[in-house]
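For reference, each letter of the sequence shown is one residue, going 2 to 183 in my numbering.
Beta carbons are placed, not taken as given, at the ideal position from N, Cα and C, and that holds for glycine.
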Amino acid sequence: MAFDSFDIKSLIRPVVDFPKPGVIFRDITPLFQSPRALRLVADSFAQRYVEADFSHIGAMDARGFLIGSIIAYQLNKPLILFRKQGKLPADVLAEGYQTEYGEAFLEVHADSLCEGDSVLMFDDLIATGGTLIAAANLVRRMGAKIYEAAAIIDLPELGGSQKLEDMGIPTFCLTQFSLSER
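Dropping the structure here:
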């Protein structure tokens, strides 16, 4: 099944002035409501990574869980959940980061990864990169490495993909939007 960026982009709903004035939120809900589009997204990621050399998939809370869990299932890889603060029940490692809207904390179970593990990280989009950078720092604190950071959408004007690349973390996104694109 061939991937068509225009088809995917047409199913990502722009929500103007959410969660605050001046922001265009990229809502992936319509994309997930289309079985064809969801299959295109999942198959595109699975084809890219089916023969790649990594040991785990990391998924970012919350929308990254959607695609990360599908790909973990398809590729038969363990899934590591990176959660918002206070959501995990066992011993955690925490990392603070800046978002477009303020400060937040990301947590992961402290026993999720070991030295030598390699993680493919998933989120729905890369904006400023804060969530994925925090996750990368947590992965590295456990002695593991990052294989790549992947997302459905990139917002390159916010610089997140470049920040990740500057940290030595390759990125891959299926599509991108400019900040003013509707």
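By the criterion of a C-beta distance shorter than 6 Å, S11 is surrounded by no residue of its chain, once the five residues flanking it on both sides are discounted.
By the criterion of a C-beta distance shorter than 6 Å, S162 is surrounded in its chain by I127, D155, T172, once the five residues flanking it on both sides are discounted. Here H57 really is in contact with P79; their C-beta atoms are around 5 Å apart, less than 8 Å. Take C115, set aside five residues on each side of it, and the residues of its chain with a beta-carbon closer than 8 Å to its own are M143, G144, A145, in chain order. Segment contact: the region 92-102 against the region 128-142, three or more CB-CB distances shorter than 8 Å; contact assigned. Note: Y98 is bridge-paired with A105 in the DSSP secondary-structure output. In the DSSP assignment, S119 forms a beta bridge with K146. In this structure E108 is buried. Its beta-carbon is surrounded by 16 or more other beta-carbon atoms within 10 angstroms. As the crow flies, the alpha-carbon of D44 is around 12 Å from that of I153. According to the DSSP assignment, K164 belongs to the alpha helix (DSSP H) that extends over 161-167. As computed with DSSP, Q177 is found in a beta bridge with D155.
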